[in-house]
Amino acid sequence: MSEVAPIPFSQLTTLRVGAAPERMVEARTREELVSALRDVWSDDDEWMVLGGGSNLLVGDEPFPGTVIRILTSGFQLVDGAREGFVRLRVEAGQNWDELVAYAVAHGLAGIEAMSGIPGTTGAAPIQNVGAYGQEIVQTLVEVELIDEATGEISTVPAADLGLGPRTSVLKRHYGSAPEREAVILSLTLELESVGTGPRPLHDARLRGALGVADGAEVSLSWIREHVLAIRAAKGMVLDDPDPDTHSAGSFFQNPILPEAVARTLPPECPRWPVEPDLDPVVVIPLAAYDGALPPIVSSRTDVKVPAAWLIEHAGIEKGFRLPRSRAGVSTKHALALTNRGGATGGEVGELARFIQSRVAAEFGIVLQPEPVLVGVEL
Numbered sequence: 001m002s003e004v005a006p007i008p009f010s011q012l013t014t015l016r017v018g019a020a021p022e023r024m025v026e027a028r029t030r031e032e033l034v035s036a037l038r039d040v041w042s043d044d045d046e047w048m049v050l051g052g053g054s055n056l057l058v059g060d061e062p063f064p065g066t067v068i069r070i071l072t073s074g075f076q077l078v079d080g081a082r083e084g085f086v087r088l089r090v091e092a093g094q095n096w097d098e099l100v101a102y103a104v105a106h107g108l109a110g111i112e113a114m115s116g117i118p119g120t121t122g123a124a125p126i127q128n129v130g131a132y133g134q135e136i137v138q139t140l141v142e143v144e145l146i147d148e149a150t151g152e153i154s155t156v157p158a159a160d161l162g163l164g165p166r167t168s169v170l171k172r173h174y175g176s177a178p179e180r181e182a183v184i185l186s187l188t189l190e191l192e193s194v195g196t197g198p199r200p201l202h203d204a205r206l207r208g209a210l211g212v213a214d215g216a217e218v219s220l221s222w223i224r225e226h227v228l229a230i231r232a233a234k235g236m237v238l239d240d241p242d243p244d245t246h247s248a249g250s251f252f253q254n255p256i257l258p259e260a261v262a263r264t265l266p267p268e269c270p271r272w273p274v275e276p277d278l279d280p281v282v283v284i285p286l287a288a289y290d291g292a293l294p295p296i297v298s299s300r301t302d303v304k305v306p307a308a309w310l311i312e313h314a315g316i317e318k319g320f321r322l323p324r325s326r327a328g329v330s331t332k333h334a335l336a337l338t339n340r341g342g343a344t345g346g347e348v349g350e351l352a353r354f355i356q357s358r359v360a361a362e363f364g365i366v367l368q369p370e371p372v373l374v375g376v377e378l
């Protein structure tokens with residue numbers, strides 16, 4: 001662990017905005033990371049951890065506390081996998097796309113559709129990252145956590161993380177604290193060993209995105225190559241000369257609405273049903289059981305709608321900017337807010353608030369931000 005001269009967030013985040021914090025510490029090993037966290041917690045200072053900075057909007061005033069940069073890296077094979085599968089334990093600071101590239105090169109399936117997602121591996125479970133039908137919840141076995149309240153390290157099964165659509169018990173949603181204040185030290189994935197040759201692509205969503213016919217066979221490397229091309233076309237693969245990639249990815253969450261609310265939207269608005277719990281568990285005390293089962297009350301059906309559609313149909317076009325602002329909507333993707341060159345955190349926040357107000361006025365829906373906001377209010 002080493003304390004370093006604070007580096008501005010504008011140099012450490014993909015949005016390229018944000019002032020330098022008051023204090024900064026770098027942790028390059030698991031032991032250094034544990035020590036740094038316990039030290040800052042014992043001093044009761046404000047703190048935050050920083051990985052790849054790809055899902056973060058930081059304001060223009062210095063963060064009044066300690067930033068711990070997680071620079072751990074590496075992964076290794078571990079025991080316990082099912083037959084035909086391989087388990088990898090990955091350090092939290094490991095670059096995510098480098099991990100995906102390794103898996104694809106070694107014929108390990110389960111994360112290839114998430115190629116090109118920026119950031120570090122430790123951030124993946126926090127918001128259950130996913131793309132084109134794959135999510136981290138499908139391959140995650142467990143995470144190693146250190147809890148702020150106790151400073152203790154524990155191994156937590158994936159089932160106990162509350163993984164849902166871009167959420168978990170560890171995620172700091174805008175306006176609320178996470179259910180569990182903890183930092184991921186490492187995680188374990190279980191990937192299917194399928195080899196590097198072509199095989200049937202069963203996922204319908206991925207087939208549709210890649211233009212693959214039902215029954216066609218493709219390799220993991222072919223999937224990775226084409227996913228990277230699709231993401232690049234949307235400005236979602238980091239490329240320094242392209243300001244469309246100076247973003248935090250999708251800035252707003254796709255709203256999940258009650259079906260009755262979704263019916264008030266224009267019929268041409270795309271929507272996807274969110275599957276309800278069709279097999280609820282009913283517990284009846286033995287002493288109260290009379291031979292009859294109570295009727296099962298079906299839960300309501302929720303619907304997910306695309307935030308990008310709402311934004312564009314509220315009059316916000318790709319490339320939109322407010323007057324004199326250096327922040328703008330991506331020219332390739334209406335859901336990405338970008339730094340067009342020299343923008344401040346305040347300018348990005350101003351653009352986000354304007355988009356929120358337009359969508360709320362047009363459709364009565366308040367879009368919620370996807371990135372973690374530090375020193376910025378919407």
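Residue numbers (the UniProt record's numbering): 1 to 378.
Where is the CB? At the ideal position from N, CA and C, for every residue including glycine.
Check	Outcome
Residue range of the unbroken alpha helix (DSSP H) whose run includes Ala-182	First-last for Ala-182: 182 to 193, but that is the beta strand (DSSP E), not the alpha helix (DSSP H).
C-beta atoms of Gly-133 and Leu-206 nearer than 8 Å	yes
Nearest candidate by alpha-carbon position, reference Ser-250, set Leu-50, Pro-306, Arg-87 and Leu-37	Pro-306
Option nearest Leu-108 by Cα separation, candidates Arg-38, Leu-170 and Ser-193	Ser-193
8 Å Cβ shell around Glu-46 - same chain, five flanking residues per side excluded	Phe-63, Pro-64, Gly-65 and Thr-66
Gly-51 vs Gly-119 beta-carbon contact at 8 Å	yes
Element boundaries [alpha helix (DSSP H), containing Glu-362]	345 to 363
CB contact below 8 Å: Leu-265 versus chain D	Absent here is chain D; the protein component of the structure consists of one chain.
In DSSP terms, what Val-58 is bridged to	Val-374
Residues that DSSP places opposite Phe-252 in a beta bridge	Pro-369
Backbone CA spacing between Asn-95 and Leu-210 [nearest angstrom]	25 Å
DSSP three-state assignment for Gly-122, whether helix, strand or coil	helix
Whole-angstrom distance between Glu-190 and Gly-84, CA atom to CA atom	10 Å
Inter-residue spacing [alpha-carbon to alpha-carbon] between Leu-278 and Ser-42	Residue confidence for Leu-278 is low, a pLDDT of 49 falling below 50, so the modelled location carries little weight and cannot support an answer.
Whole-angstrom distance between Ala-287 and Asn-254, CA atom to CA atom	46 Å
Secondary structure of Val-227, DSSP reduced to three states	helix
Coil, strand or helix - Asp-203 by DSSP	coil
Residues bridged to Trp-222 [DSSP beta-bridge criterion]	The partner list for Trp-222 (beta bridge, DSSP) is empty, contrary to what the question assumes.
Whole-angstrom C-beta distance between Ala-27 and Leu-99, which should lie under 8 Å	Incorrect: roughly 19 Å between the Cβ atoms, too far for contact.
Burial state of Asp-44, where buried means 16 or more other Cβ atoms lie within 10 Å	exposed
Neighbourhood of Ala-158 by C-beta, 8 Å cutoff - its chain only, sequence neighbours within 5 removed	Pro-125, Val-137, Leu-140, Val-141, Glu-142 and Val-143
Cβ neighbour criterion (16 or more within 10 Å) applied to Arg-38	exposed
Thr-14 to Pro-285 span [Cα, whole Å]	55 Å
6 Å CB neighbourhood of Glu-362 in its chain, flanking five on each side removed	Ala-314
Per-residue burial, Val-376 [other beta carbons within 10 Å of its own, 16 or more giving buried]	buried
Rounded distance between the beta-carbons of Asn-339 and Pro-243, thought under 8 Å	7 Å
Alpha-carbon to alpha-carbon, Ser-247 and Val-227	19 Å
Burial state of Trp-309 (16 or more Cβ within 10 Å)	buried
DSSP three-state assignment for Leu-278, whether helix, strand or coil	In this prediction, Leu-278 has a pLDDT of 49, which is less than 50 and means its spatial position is unreliable; nothing more can be read from the coordinates.
Residues near Gly-151 by beta carbon distance below 7 Å, same chain, minus five either side	Arg-38 and Trp-41
Distance between Pro-371 and Val-58 (C-alpha atoms, nearest Å)	10 Å
Cα-Cα separation, Val-86 to Ile-316	46 Å
For Leu-33 and Leu-185, believed in contact at Cβ under 8 Å, the rounded distance	6 Å
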